[in-house]
Amino acid sequence: MREIMYRDAIREALDEEMERDENVLLLGEDVAFIGGNFKTSVGLYEKYGDLRVKDTPISEAGFVGMGVGMALTGLRPVVELMFSDFLLVSADQVINQMSKIRYMSGGQATVPMVIRAPIGAGRSSAAQHSQSMQAIVSQFPGMKVVLPSTAQEAKGLLKSAIRDDNPVVFFEHKMEYTNKFDIDDGIELIPIGKADIKRAGEDITIVATSSLVMKALKAAEKLEAEGISCEIVDLRSVVPLDRETIIASVKKTGRLLIADEAYERCGIGAEIAANVMEDVFYWLDAPIARIATPNVPLPFSPALEFPIIPSEDKILEKARALVAPTA
Amino acid sequence: MAKKLVKKQYQGVYETMYKMRRFEEEVFEFYKKGMMPGLAHLYLGEEAIATGVCAALNDDDYIGSSHRGHGHLVARGANTGMMMAEILGKKSGYSHGKGGSMHIMAMDKGILGANGIVGGEIPIATGAAYAALYRGTKQVSVSFFGDGATNEGTFHESVNMAAAWKLPCVYIIENNLYGISVDIRDVTNTNDLVDRAKGYGIPGAVADGMDVEAVYAVAAEAIERARAGKGPTIIEYKTYRWQGHHVGDPGDYRVRRDTKEKEKWMKRCPVAAFRKKMLGSGIAESAIRKAENAVEAEIQEAVTFAVDSPYPDVSEAFTDVFTD
Numbered sequence: 003m004r005e006i007m008y009r010d011a012i013r014e015a016l017d018e019e020m021e022r023d024e025n026v027l028l029l030g031e032d033v034a035f036i037g038g039n040f041k042t043s044v045g046l047y048e049k050y051g052d053l054r055v056k057d058t059p060i061s062e063a064g065f066v067g068m069g070v071g072m073a074l075t076g077l078r079p080v081v082e083l084m085f086s087d088f089l090l091v092s093a094d095q096v097i098n099q100m101s102k103i104r105y106m107s108g109g110q111a112t113v114p115m116v117i118r119a120p121i122g123a124g125r126s127s128a129a130q131h132s133q134s135m136q137a138i139v140s141q142f143p144g145m146k147v148v149l150p151s152t153a154q155e156a157k158g159l160l161k162s163a164i165r166d167d168n169p170v171v172f173f174e175h176k177m178e179y180t181n182k183f184d185i186d187d188g189i190e191l192i193p194i195g196k197a198d199i200k201r202a203g204e205d206i207t208i209v210a211t212s213s214l215v216m217k218a219l220k221a222a223e224k225l226e227a228e229g230i231s232c233e234i235v236d237l238r239s240v241v242p243l244d245r246e247t248i249i250a251s252v253k254k255t256g257r258l259l260i261a262d263e264a265y266e267r268c269g270i271g272a273e274i275a276a277n278v279m280e281d282v283f284y285w286l287d288a289p290i291a292r293i294a295t296p297n298v299p300l301p302f303s304p305a306l307e308f309p310i311i312p313s314e315d316k317i318l319e320k321a322r323a324l325v326a327p328t329a
Numbered sequence: 019m020a021k022k023l024v025k026k027q028y029q030g031v032y033e034t035m036y037k038m039r040r041f042e043e044e045v046f047e048f049y050k051k052g053m054m055p056g057l058a059h060l061y062l063g064e065e066a067i068a069t070g071v072c073a074a075l076n077d078d079d080y081i082g083s084s085h086r087g088h089g090h091l092v093a094r095g096a097n098t099g100m101m102m103a104e105i106l107g108k109k110s111g112y113s114h115g116k117g118g119s120m121h122i123m124a125m126d127k128g129i130l131g132a133n134g135i136v137g138g139e140i141p142i143a144t145g146a147a148y149a150a151l152y153r154g155t156k157q158v159s160v161s162f163f164g165d166g167a168t169n170e171g172t173f174h175e176s177v178n179m180a181a182a183w184k185l186p187c188v189y190i191i192e193n194n195l196y197g198i199s200v201d202i203r204d205v206t207n208t209n210d211l212v213d214r215a216k217g218y219g220i221p222g223a224v225a226d227g228m229d230v231e232a233v234y235a236v237a238a239e240a241i242e243r244a245r246a247g248k249g250p251t252i253i254e255y256k257t258y259r260w261q262g263h264h265v266g267d268p269g270d271y272r273v274r275r276d277t278k279e280k281e282k283w284m285k286r287c288p289v290a291a292f293r294k295k296m297l298g299s300g301i302a303e304s305a306i307r308k309a310e311n312a313v314e315a316e317i318q319e320a321v322t323f324a325v326d327s328p329y330p331d332v333s334e335a336f337t338d339v340f341t342d
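These protein sequence lines map, in sequence, to chains A and B. Take 3 as the starting number for the first sequence in this note's numbering and just add one per residue. Take 19 as the starting number for the second sequence in this note's numbering and just add one per residue.
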C-alpha cells in the first residue's frame, strides 16, 4: 500500500500500458510538452517521444476521428479531451463513428480506443467547463462508459479500458486529480462492468459514481453515528451496468438512493431506477431517490454553484429522509 | 514527373469503370422495382475518379469513402455480390445487412468504410495515415469525398493536421457541383475548391474527373509523394453525377445556370470516352467486348446472389454492438 495522487495514478496507468504495448499512444490538446492540462501525462512525452505522445491542434472532431482511424488500423489510441464538455464538439466522431462502426460493419471492425475526459463542477468553471457527460454518452449504443472513483479505480480501470477491444469513454473527475489515495502496490486490472461494494450496510443502498462515491462514504460515517447503516455501491461503469450487484444490495436494504453528477433529467439515476424497478419493487420500503445536477446550466459564482451541485450534505439529507419512519 | 497509364493497364482500368457502371445500373433497377430498402447514392458519371485513383494504389493502402461509395469499393476489388447483398439488406452482405448502401465496409480490402455523415470519414482516413506513419509501413491513405464535405469542419481539421505532420494522406474532392440541390458555386466563393490547399501549405491539383488518364496522372504523383514521406495533397476532380443525389431524387434542379448542363456533361461519359481511346490505341473491339461480357457475367451473378440470399434473423439486430 502506498499513497498516490489521483492524477498520478492515471499517469502510471498510461505509462505502464505504453511500456507494455507499443500500439498504445496518447493524443490530445496539451498532453505532450506540458504533460496535460491536469498533469496526467507528465514525463510521457520525454519518455516516448513526439509520435506516441502527440500535442494536437484545437480540433476535437479531427483528432477524435483520427483516433477512430488509428484504432481501425490496429493501434490503441488514448484520446484526451481536456473537458468532457468538449465531447459535444467531437460528437459525430464519438457517437456516429467510433461507437457504431463495429455494428455497421457487421462485426468486421474493432475500435479499441479510449477517450479520457474530465467531468465535474466545483471550480467556478461555469456552464461550458463543468458538465458531466456520462448520461448523454450512455444513451448511445456501442461504447463502454467508465467512471472511476478512487485512484485505485482510476489506475485499474484505465488499464482495462486501454486493453479493451471496444471503444471506452473514461470519465475522470477534475476535483479528484490532486487528492491523495491509498493504492495497492502491484495494482490489478479492474474489470469493466463490475460494481464494487465499498462499504457494507443494512438500511439503505447508495449507488454512487465517481467523486460522489467518496462523498457517500463520508456521509455513511456520519449516518452510522446516527444509527443508519449504509451500503455504498461504487458503480464504476454505467455501460455495462452491473444490475445484479445493485439488485442484490437493494433486496437486502430495501432502500435505494442513486448519486451521480450528470443532469437529473434523463440521467443516470432515472436510468438505474427504471432498470431495477421490476426486480426490486416488492423489496422496497421507500420510493427510490436520486441526487444529480439540477437542470440549469452550471453557474459561475461559488455562491450559486456550490449550493446546487451534488454534495455530501445532499446525500445525508436524502438518506435520512428515506430511512425516516413515515407517518 | 507525371505518371501515365500505360497500355497494358487499359484493359483492367476499363473493366473497373465498366463494372461500376453496370453495378450502379443494377442498383438503380433494384430501386425502381421496389426491391431495395432505403436509398442509395449512385456513382454513375463519376467512374473515372475512383478507377484512376485506385489504379495508383497498392493492395495494402487504405481508403475512406463517402455516402456515394459504391464506385470506390468496386475500384478496390470488393466483392460485388456481397456489396449488392448488403444493399438489399441480406445476411450475406458485407455487414450482414446492418449497414446498407451507405456503410459498406471491407476491411480486407483496406476500405475503412463508406460513411453516412458528409465529411465523417475524412479524419478517420487521416488517422489511418497517422498509423501508417507511426509504424513506418509506407502505406498511403486516400480519403474520397464530395464538394459538400469541403465545407465541413472535419475537412479543415484533418487536412491541417495531415499537413502539419506530413501524413501519407491524399484528399480527393469529387466536385460534382451539387450538395443535394445546392450548387457549390452558390455557397462557396471560389471556382476551384483546391485553392484551399495553399492555406494549408500543401500542394493542390485540379484535373478533369471525366478522363481516367488525367485522374490517374495527378493521383499517382500525389500518392507517390505521400509514400515518400513528403506529406498530403488535395486533388479536385471536376465531375458530374448522372442521377440526382440518391435514387429517389430526379435531380431536376440542375438547370439554374444552364438548362443543358446535365446533357453537356453526359456527352463526356468517362466510360464511353475511354472505350473510344482504347479502340484508337489499337485494342480490338472483340477484346473490349470480351471484357464487357466478363463484367456482365459477374454482375448478373452478383444480382442473383443478392436476390437469392436470405434476410438475417432478427436476433442478429443484437449482435456486433460490442466485441467480447
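Glycine is no exception: its CB is placed at the ideal position from the N, C-alpha and C atoms. Remember, it's a predicted structure, so these values are computed and weren't measured experimentally.
Contact set for residue i: own chain, Cβ-Cβ below 7 Å, skip 5 residues either direction
i, result
"Glu-65(B)", "Met-35, Met-38, Arg-39, Gly-89, Pro-288 and Val-289"
"Leu-211(B)", "Asp-165, Thr-168, Ile-191, Asn-193 and Glu-254"
"Asp-187(A)", "Met-3 and Arg-4"
"Gly-70(B)", "Val-230, Val-233, Tyr-234 and Ala-237"
Proximal chain A residues relative to residue i, where beta-carbon distance stays under 7 Å
i, result
"Asp-338(B)", "Arg-104, Tyr-105, Gly-108 and Gly-109"
"Ser-333(B)", "Those do not exist, as Ser-333(B) stays about 14 Å from chain A at its closest Cβ, beyond 7 Å."
"Thr-172(B)", "Ala-63, Gly-64 and Gly-67"
"Lys-116(B)", "Tyr-105, Met-106 and Gly-108"
"Leu-130(B)", "Gly-71 and Leu-74"
Other residues of its chain near residue i: CB distance less than 8 Å, five sequence neighbours each side excluded
i, result
"Gly-95(B)", "Lys-127"
"Ile-194(A)", "Lys-146, Val-148, Leu-159, Ser-162, Ala-163, Asp-166, Val-170, Arg-238, Ser-239 and Pro-242"
"Val-298(A)", "Ile-310"
"Val-332(B)", "none"
"Lys-156(B)", "Ala-150, Pro-186 and Arg-245"
"Ile-293(A)", "Leu-214, Leu-259, Ile-260, Ala-261, Asp-262, Gly-271, Pro-312, Lys-316, Ile-317 and Lys-320"
"Ser-126(A)", "Phe-302, Ser-303, Pro-304 and Glu-307"
Bridge-paired residues (DSSP) for residue i
i, result
"Ile-129(B)", "Ile-81(B) and Ala-124(B)"
"Phe-172(A)", "Arg-118(A) and Val-148(A)"
"Leu-28(A)", "Val-55(A) and Val-80(A)"
"Ile-415(A)", "Since the first residue of chain A shown is 3 and the last is 329, residue 415(A) is not available in this structure."
"Glu-319(A)", "Answer is none; Glu-319(A) lacks a bridge partner."
"Arg-4(A)", "Ile-185(A)"
Beta-carbon contacts of residue i that lie in its chain and below 6 Å, excluding the five residues immediately before and after
i, result
"Ala-329(A)", "Reliability fails at Ala-329(A), whose pLDDT of 48 lies under 50, so the model's placement of it is uncertain and the value that follows must be treated cautiously. Answer for Ala-329(A): no residue qualifies."
"Leu-74(A)", "Ala-111"
"Met-84(A)", "Glu-31 and Asn-39"
"Gly-197(B)", "Gly-166"
"Pro-301(A)", "Glu-307"
"Tyr-179(A)", "Tyr-8, Arg-9 and Phe-40"
"Glu-62(A)", "Phe-88, Val-91 and Ser-92"
"Thr-144(B)", "Ser-176, Ala-180 and Cys-187"
"Ser-110(B)", "Ala-103 and Ser-327"
Assumed close pair residue i, residue j - CB separation to whole angstroms, cut-off 8 Å
i, j, result
"Glu-190(A)", "Gly-158(A)", "6 Å"
"Ala-103(B)", "Ala-335(B)", "Not quite, the Cβ-Cβ distance comes to about 17 Å (not below 8 Å), so this is no contact."
"Gly-69(A)", "Met-20(A)", "Not a contact, Cβ separation roughly 15 Å."
"Ser-132(A)", "Asp-236(A)", "Between Asp-236(A) and Ser-132(A) the Cβ distance is about 22 Å, and since that is not below 8 Å, they are no contact."
Residue i: contacting residues in chain B (beta-carbon distance under 7 Å)
i, result
"Gln-95(A)", "Pro-141"
"Asp-167(A)", "Thr-341"
"Gln-136(A)", "Those do not exist, as Gln-136(A) stays about 18 Å from chain B at its closest Cβ, beyond 7 Å."
"Pro-296(A)", "Within 7 Å Cβ-Cβ: nothing; Pro-296(A) doesn't reach chain B, min ~32 Å."
"Gln-99(A)", "Gly-138 and Ile-142"
"Leu-53(A)", "Tyr-152"
Contact list for residue i against chain A, beta-carbon separation under 9 Å
i, result
"Ser-110(B)", "Chain A residues near Ser-110(B): none, gap ~10 Å exceeds 9 Å."
"Ser-113(B)", "Tyr-105, Met-106, Ser-107, Gly-108, Gly-109 and Gln-110"
"Asn-178(B)", "Pro-59, Ser-61 and Gly-64"
Under 8 Å from the C-beta of residue i: neighbouring residues of chain B
i, result
"Leu-27(A)", "Tyr-152"
8 Å Cβ cut-off: residues of chain A touching residue i
i, result
"Ile-191(B)", "Under the 8 Å cutoff, chain A gives no residues; its nearest Cβ is about 17 Å from Ile-191(B)."
"His-121(B)", "Met-106 and Ser-107"
"Thr-144(B)", "Gly-64, Gly-67, Met-68 and Gly-71"
"Tyr-218(B)", "Near Tyr-218(B) there are no residues of chain A at all, since even the closest Cβ is about 12 Å away, more than 8 Å."
Beta-carbon neighbours of residue i, restricted to chain B and to distances below 9 Å
i, result
"Gly-30(A)", "Within 9 Å Cβ-Cβ: nothing; Gly-30(A) doesn't reach chain B, min ~12 Å."
"Gly-76(A)", "Ala-149 and Arg-153"
"Gly-144(A)", "Val-339 and Phe-340"
Within the stretch 148-208 of chain B, note down every full beta strand (DSSP E) run reaching 3 residues or more, in order along the chain.
-> 159-164 and 187-193
Which full runs of the beta strand (DSSP E) of 3+ residues lie inside the stretch 250-324 of chain B, going along the chain?
-> 251-256
Whole alpha helix (DSSP H) elements within the stretch 215-256 of chain A, 4-residue minimum = 245-255
Those runs of the alpha helix (DSSP H) which lie wholly inside the stretch 259-312 of chain A and span at least 4 residues | 270-282 and 304-310
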